[in-house]
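Encoded as structure tokens, the structure appears first; notes follow it.
In the working numbering, the protein residues as written are 3 to 160.
Spelled out as structure tokens, the structure:
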């Protein structure tokens, strides 16, 4: 596979994960989520789709660039992509816990683990391809914000 094919295949994978996470989220956005007390810094609902779409594309590009180094740093790339897969699965799980199960506390605990996996993925990616690591910084910052938001929502609704 060439570089572009690798990047595109992972971008599509990330967008598909995002799509399925969105399915879990959609019904709760109009029913359960509006009933929650939210902090003053809660963004409007329309912000989330473009932000997450951009982040999924950036994640896919980052992972594709790392995957492209497989012929030169096989073990390091495999390890980095394993962390990537774990954090992507945790990313999807968060939507299910928060919106599907309607459980901000459980989602809050899980998002801490997600943040740690994103950070570790960043550390692994930057060793292989600096641009890949840099592409993960926005994701790390957004999930940091989401962690605070998740915690605030839990606190206000406990």
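Glycine included, C-beta positions come from ideal geometry on N, C-alpha and C.
Just so you know, these numbers come straight off a predicted model, no measurement behind them.
Considering Cα atoms alone, identify which of 25, 104 and 85 is closest to residue 128.
Sorting 25, 104 and 85 by C-alpha distance to the C-alpha of residue 128 places 85 at the top.
Residue 188 (DSSP reduced to helix, strand or coil):
For residue 188 there is no data in the structure shown, the boundaries of the chain being 3 and 160.
CB contact flag (residue 138, residue 120, <8 Å)
For residue 138 and residue 120, yes; Cβs fall inside 8 Å.
Using a Cβ-Cβ distance under 8 Å, would residue 75 count as near chain C?
In the structure shown, chain C does not exist; there is a single protein chain.
Distance, Cα to Cα, residue 159 vs residue 30?
Our two residues, residue 159 and residue 30, have alpha carbons roughly 16 Å apart in a direct line.
With respect to the alpha helix (DSSP H) encompassing residue 121, which residues constitute its N-terminal and C-terminal limits?
Here the alpha helix (DSSP H) through residue 121 covers 106-130.
The stretch 18-38 in contact with the stretch 70-84 per 3-pair CB rule at 8 Å
In short, these stretches do not touch, since the Cβ pair count stays below three.
Counted within 10 angstroms of its Cβ, other Cβ atoms place residue 32 as buried (16 or more) or exposed:
Its Cβ having fewer than 16 others within 10 Å, residue 32 is exposed.
Cut-off 6 Å between Cβ atoms - residues of its own chain near residue 70, not counting five sequence neighbours on either side
For residue 70, where only same-chain residues beyond five positions count, the Cβ hits under 6 Å are 5 and 8.
At which residue ranges does the stretch 37-106 contain complete alpha helix (DSSP H) runs of 4 or more residues, listed in the order of the chain?
Correct list: 50-69 and 76-97.
Apart from the five residues on each side of it in sequence, which residues of its chain come closer than 6 Å, Cβ to Cβ, to residue 101?
Close CB contacts of residue 101 within its chain, under the 6 Å cut and outside five residues either way in sequence, are with 26, 27 and 30 (chain order).
Quick one, which of 40, 39 and 50 has its alpha-carbon nearest residue 141's?
Between residue 141 and the set 40, 39 and 50, the nearest pair of CA atoms involves 50.
Secondary structure of residue 32, DSSP reduced to three states:
Helix.
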